[in-house]
Amino acid sequence: MGRAENRLILASTSPQRRAILEQLRIPFDVVAPTYVERDPPGLDPDELVRAHAQGKARSVHQGDQVTLGVDTTVAYDGRVYGKPDDVEDARRMLHDLSGQTHSVVSGLCLLGPNIDVVVHEVTRVTFRSLADQLIALYLESGEWEGRAGGYAIQGVGGRLVERIEGDYRNVVGLPGALLVSLLELHAPNLLEMP
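Using the working numbering, the letters of the sequence shown map in sequence onto residues 102 to 295.
Now the structure itself:
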């Protein structure tokens, strides 16, 4: 197999997803997806992230390459918490999640020769009871920007978390164990270490 066939195409510009693939030593190239996310009413969080992951992967997939699309959201009490629109939206999200257990749901779509798989992973995250002062300090950090649920567990946002149940990397943005399992089944050549 040629060099291009031994590299995953990541349909995402997320630095966190790139870092996880690097940690797992999976060779990849980044292609920014052209897919525009729209949230149709009535979809469950797992259906929503699977649809977005599939849309992202399909928007960049070509030929014989193996392409990965990923989407992550936060769900609590029947609501979906995507990326906050502004600091007040982030404040509302953190207040809602304070002292509660929420779900971080990621959808993965893997496309390639004879590969068309769409799955999802759920990780449960429990926040500490957050004082208004802690929320204000966190918001001042700016780390909430562009983060589903308004926080980044791998940064200062880790201070907000009491415990997690499931794959930590899923909360960061890419469920590594699930991805490795999919690649073992469908594209084991991508797991060969140099």
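The beta carbon of each residue, even a glycine, is placed where N, CA and C say it ideally should be.
Remember, predicted model here, so these are calculated numbers, not experimental data.
Check: Roughly how many whole angstroms lie between the Cα atoms of Thr174 and Gln201?
Finding: Between Thr174 and Gln201, the C-alpha separation is close to 16 Å.
With a threshold of 16 other CB atoms inside 10 Å of the CB of Gly183, please say whether the residue is buried or exposed. buried
- Task: Specify, as a first and last residue, the run of the beta strand (DSSP E) that Glu266 falls within.
- Result: For Glu266, the enclosing beta strand (DSSP E) has its first and last residue at 262 to 266.
Next on the checklist: Between the alpha carbons of His158 and Glu138, how many angstroms are there, rounded?
Outcome noted: Note on identity: in this sequence residue 158 is Ala, with His being the wrong assignment. If I take the Cα positions, the gap works out to 12 Å.
Requested in this report: To the nearest angstrom, report how far apart Glu241 and Gly267 are at their CA atoms.
Outcome: Taking the straight line from one Cα to the other gives about 29 Å.
Which partner residues of Arg180 appear in the DSSP bridge assignment?
Tyr177
### Task
Note down the Cα distance separating Arg151 from Cys210, rounded to an integer number of angstroms.
7 Å
*Please name the residue in Ile127, Leu109, Glu189 whose C-alpha comes closest to that of Gln163.*
Leu109
Leu231 (DSSP reduced to helix, strand or coil): DSSP places Leu231 in coil when its eight states are reduced to three.
(message) Using the Cβ count rule (16 or more neighbours within 10 Å means buried), how would you classify Gln328?
(response) The chain is shown only over 102 to 295; residue 328 falls outside these bounds and no answer can be derived.
Next on the checklist: Quick check: the Cα distance between Val171 and Ala232, rounded to an integer number of angstroms?
Outcome noted: Distance from the CA atom of Val171 to the CA atom of Ala232, rounded to whole angstroms, is 33 Å.
Assuming Tyr239 and Val219 are in contact, meaning their beta carbons sit under 8 Å apart, how far apart are those beta carbons, in whole angstroms? Actually they do not touch by this definition, with Cβ atoms about 34 Å apart.
Inset, instruction - Give the DSSP bridge partners of His203, in chain order. - result: Paired residues: Val226.
| said: Can you tell me where the alpha helix (DSSP H) holding Glu130 begins and where it ends? | reply: Here the sequence assigns Asp to residue 130, which means Glu is not the residue at that position. Looking at the DSSP string, Asp130 is not in any alpha helix (DSSP H); the run it does join, the beta strand (DSSP E), is 129 to 131.
Is the beta carbon of Ile254 closer than 9 Å to that of Leu195? no
Exposure label - Gln124; buried when at least 16 CB within 10 Å: exposed
What are the boundary residues of the beta strand (DSSP E) that includes Leu109?
From DSSP, the beta strand (DSSP E) with Leu109 extends over 109 to 111.
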